[in-house]
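Chemist: First residue of the sequence shown? That's 251 in the working numbering, and the numbers climb one at a time after it.
For every residue, glycine included, the Cβ atom is placed at its ideal position computed from N, Cα and C.
These numbers were taken from a predicted model, which means no experiment stands behind them.
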Amino acid sequence: MTSFDELAGGATHWRDGEPVYDRGDTVCVIGAGGTGLTAIKNLREAGFGVDCYERETGVGGGWNWRHDRSPVYSSTHLISSKPFTQFPDFPMPDDWPDYPHHSQLLAYFERYADHFSLREHIWFGTEVARVEPADDPAGGPPRWDVTVRGSRGGAPRTMRYAAVVVANGHNWSPKMPEYEGLEDFRGKVIHASQYKDASQLRGRKVLVVGAGNTGCDIAVEAAQQAAKCWHSTRRGYWYAPKYALGKPADQVNDRILAMRLPFRLRQWLLQRTINMTVGDLTRFGLPKPDHGLLEMHPLVNSQLPYYLGHGGITPLPDVKRFDRTDVVLTDGRTIDPDLVVFATGYRPSFDFLAPELLSTDSAGRPRLALQMLSRTHPTLAVAGLLQPDSGVFTLAHWQAVFIAQWLRVLDASPTRAQALWAKLRQEGDRRFTAGKVTDSTRHWFEVSHFVYLQELEKSLHELEAVR
Numbered sequence: 251m252t253s254f255d256e257l258a259g260g261a262t263h264w265r266d267g268e269p270v271y272d273r274g275d276t277v278c279v280i281g282a283g284g285t286g287l288t289a290i291k292n293l294r295e296a297g298f299g300v301d302c303y304e305r306e307t308g309v310g311g312g313w314n315w316r317h318d319r320s321p322v323y324s325s326t327h328l329i330s331s332k333p334f335t336q337f338p339d340f341p342m343p344d345d346w347p348d349y350p351h352h353s354q355l356l357a358y359f360e361r362y363a364d365h366f367s368l369r370e371h372i373w374f375g376t377e378v379a380r381v382e383p384a385d386d387p388a389g390g391p392p393r394w395d396v397t398v399r400g401s402r403g404g405a406p407r408t409m410r411y412a413a414v415v416v417a418n419g420h421n422w423s424p425k426m427p428e429y430e431g432l433e434d435f436r437g438k439v440i441h442a443s444q445y446k447d448a449s450q451l452r453g454r455k456v457l458v459v460g461a462g463n464t465g466c467d468i469a470v471e472a473a474q475q476a477a478k479c480w481h482s483t484r485r486g487y488w489y490a491p492k493y494a495l496g497k498p499a500d501q502v503n504d505r506i507l508a509m510r511l512p513f514r515l516r517q518w519l520l521q522r523t524i525n526m527t528v529g530d531l532t533r534f535g536l537p538k539p540d541h542g543l544l545e546m547h548p549l550v551n552s553q554l555p556y557y558l559g560h561g562g563i564t565p566l567p568d569v570k571r572f573d574r575t576d577v578v579l580t581d582g583r584t585i586d587p588d589l590v591v592f593a594t595g596y597r598p599s600f601d602f603l604a605p606e607l608l609s610t611d612s613a614g615r616p617r618l619a620l621q622m623l624s625r626t627h628p629t630l631a632v633a634g635l636l637q638p639d640s641g642v643f644t645l646a647h648w649q650a651v652f653i654a655q656w657l658r659v660l661d662a663s664p665t666r667a668q669a670l671w672a673k674l675r676q677e678g679d680r681r682f683t684a685g686k687v688t689d690s691t692r693h694w695f696e697v698s699h700f701v702y703l704q705e706l707e708k709s710l711h712e713l714e715a716v717r
C-alpha cells in the first residue's frame, strides 16, 4: 500500500491557511464495518477510486468485539437468519447455523474483504476529524474536504474528495437515561455497551432497564447467572420467537410479505402465529402492547418467555427514581439491585459533520432522502442507517449499488440527476413500512425490508433511465 505522503501528493488547494491535497474523482468512505466494506466494493466495481478511513485496526466495525466501540458481548448471535443478513453476491457457508455467532460474522466480513481485495483501499488506525463541503471550481457538484488524523495521535491532513459515503454505524454512542437520584445510587451502573460477559452478572442482584433485543438477551443471561433478575420496561411489546412453523421467523415473515396480502390480514396471520408459539405474555406480568403488530418491529427472543415462565426473570414497570441503595418503580414498589444495566439503546453520531448537512432536527435525527442521501448536498450519503425487520447488510449492499450508480449519473448527466434528486427530496420523511411506526428514538430508522428493497429497485430503474 502507498504511504500516506504518497497518497496526499502535492497540495493543490488551501483552506484556512492549511494545505488541502486533491484526490480527484476518488470517493471517501468512512468506516470499514460491513456497510463500509460493501460501499468500497460497489464503488470500485463502478469505476471509482476509494479511500476508506477506519479508526480501528481491523475490519468488522461493531461486530469486531475487540474494537473499543463495539456493542457486542460474548454470547451475541444474529437475530436475523443467514439469507437475510448476507451480501447477495457473497453467501455465507451452507454449514453455518441459521443464526451465526458474532465471531462467525466477523470472519465473514474478513473473508469478504479479502475476496474482493478491499484492504488495500482502507487506512486503518485513522479517524475522520472533520468533513466540510468545498465548491468545485468547474461549477460541478460540491466536493468535500476530509480532515483525518491517526487514532492515537499524529498531525492532521486534509484531502479533497468528489463524494463522501458515511458508514460509521449507529450502535456505538450510548444513550443514557436520566432519573432522579441516579447520581447518588451506591450500586454499580453500566450501559449495555459495557456488558461483555455473563461473569459480570454472576451472584449479583441485577436490574435490566430496557426491552430491546439486547435488554432481553442480558435479562436471559442474568436469569441464569445472577442471584436475582428484574427486567424493567416502559411499555408493552410484541415478542416473536426465533423459529416459527419450523423455520427462522424472518423467513416466515418474508413469505407472508411476498403474498402481498392486505396489511390487516398480515397482522391477523402473525397474531395467530405468535398466539401458537409465544402466547399471551401478560400472564407473566408483562404490560400489554400499546400498538398493533407490524406497527413497530417485535422483539426477537425465544428464551425470554422460558425464563419468565420459570421465575428466573421478574418483569417490572418503569423506574421512577433512585435512592442510595434502592430503586423506586412507577407502581410504588421498591427493589434493591446492586447492579443496574441500562439497555437503553444508542444515538446516531456524526460529530465530524455539521448537523445541517444531514438536515438533523432538534432531537438529533438525520432527515435523509431515500434514508441515505443528504437533502442539501447530492455527493454526501449515509449508508446502513436502517433498522430493518431482517438483516441490515443485504439492504446496505443495495444502498451501495444505488450510491455508486447515483454518483456515476451525477457525473455523466448532472441536469437529469438533479431532477431525480429533487423528486427524492420531495418525498418527505417517508418511513418505508406498511404500518404505522412509533415515533421514538429507538424506532427512527425502522423499515420493512420488503418495502425498502422495492423502493431501491424502483429508484435504480429510474437511474438507469436517466443514464
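1. Going by C-alpha to C-alpha distance, which of Phe337, Lys291, Leu355 and Pro338 sits closest to serine 325?
2. Give a yes or no on contact between the region 335-350 and the region 559-571, applying the rule of three or more CB pairs nearer than 8 angstroms.
3. On the premise that alanine 412 lies in contact with threonine 276, defined as a C-beta separation below 8 angstroms, what is that separation, rounded to the nearest angstrom?
4. Apply the 10 Å Cβ neighbour rule to aspartate 434 and answer buried if 16 or more other Cβ atoms are within range, or exposed otherwise.
5. Rounded to whole angstroms, what is the Cα-Cα separation between serine 482 and arginine 615?
6. Taking arginine 658 as the reference, give the member of Ala715, Phe513 and Pro638 with the closest Cα.
7. Please classify alanine 405 as buried or exposed, where buried requires at least 16 neighbouring CB atoms within 10 angstroms.
8. Assuming isoleucine 563 is part of the beta strand (DSSP E), what are its boundary residues?
9. Under 7 angstroms, do valine 642 and alanine 442 count as touching if we go by C-beta distance?
10. Between glutamine 517 and the rest of its own chain, which residues show a CB-CB distance below 7 angstroms, the 5 nearest in sequence each way excluded?
11. Leaving out five residues on either side along the sequence, give the residues of the same chain with a beta carbon under 7 angstroms from the beta carbon of alanine 472.
12. Determine whether the beta carbon atoms of alanine 494 and alanine 633 lie at a separation below 7 angstroms.
13. Per DSSP, what are the beta-bridge partners of phenylalanine 592 in this structure?
14. Measuring CA to CA, which of Thr629, Gly267, Gly437 and Thr408 is closest to valine 577?
15. Using 7 angstroms as the threshold, is the C-beta distance between serine 331 and proline 498 below it?
16. Compute every distance between the C-beta of glutamine 501 and the non-hydrogen atoms of the ligand MG, then say whether any falls below 6 angstroms.
17. Under a three-way DSSP split, which group does aspartate 272 fall into?
18. Within a Cβ cutoff of 8 angstroms, which residues of the same chain sit near asparagine 292, ignoring the five residues on either side of it in sequence?
19. Measuring straight from C-alpha to C-alpha, what distance separates alanine 476 and leucine 636?
20. Thinking C-alpha only, which one of Asp581, Phe602 and Ala469 is nearest aspartate 447?
21. Does the distance from the CB of phenylalanine 602 to the CB of valine 415 come in under 7 angstroms?
22. What residue does the alpha helix (DSSP H) around valine 716 start on, and which one ends it?
23. Using a threshold of 7 angstroms, state whether the C-beta atoms of threonine 683 and alanine 593 are closer than that.
24. Can you name the residues that DSSP bridges to valine 550?
25. So proline 548 and tyrosine 487 are in contact, right, with Cβ under 8 angstroms, and what is the actual spacing, rounded?
26. Would you decide whether glycine 582 is buried or exposed? Buried here means 16 or more other CB atoms lie within 10 Å of its CB.
27. Classify asparagine 525: buried if its beta carbon has 16 or more other beta carbons within 10 angstroms, exposed otherwise.
28. Could you check if histidine 365 is buried or exposed, using at least 16 other CB atoms within 10 Å of its CB as the buried criterion?
29. Apart from the five residues just before and just after threonine 629, which ones in its own chain have a Cβ nearer than 8 angstroms to its Cβ?
30. In the DSSP assignment, what are the bridge partners of serine 482?
31. Are the CB atoms of leucine 589 and arginine 680 within a distance shorter than 7 angstroms?
32. Rounded to whole angstroms, what's the CA-CA distance from glutamate 707 to leucine 674? Just pull it up for me.
Modeler: This is what the structure gives:
1. Leu355
2. no
3. 6 angstroms
4. exposed
5. 26 angstroms
6. Closest option to arginine 658, Cα to Cα, is Ala715.
7. exposed
8. Note, isoleucine 563: premise wrong, no beta strand (DSSP E); not H, not E.
9. no
10. Gly542, Leu543 and Leu544
11. Leu451, Val456, Val458 and Cys479
12. no
13. Paired residue(s): His441 and Val459.
14. Gly437
15. yes
16. For the ligand MG, the structure offers nothing, since it holds no ligand at all.
17. strand
18. Answer for asparagine 292: His647, Ala650, Val651, Ile653 and Ala654, listed in chain order.
19. 34 angstroms
20. Ala469
21. no
22. 699-716
23. no
24. Answer is Ala490.
25. Their Cβ separation, rounded to whole angstroms, is 7 angstroms, which keeps proline 548 and tyrosine 487 in contact under 8 angstroms.
26. Burial check for glycine 582: the Cβ neighbour count within 10 Å stays below 16, so the residue is exposed.
27. exposed
28. Around the CB of histidine 365, fewer than 16 other CB atoms lie within 10 Å, so the residue is classed as exposed.
29. Pro391, Pro392, Arg393, Trp394, Ala412, Ala413, Val414, Leu657 and Leu660
30. Val459 and Leu566
31. no
32. Between glutamate 707 and leucine 674, the C-alpha separation is close to 14 angstroms.
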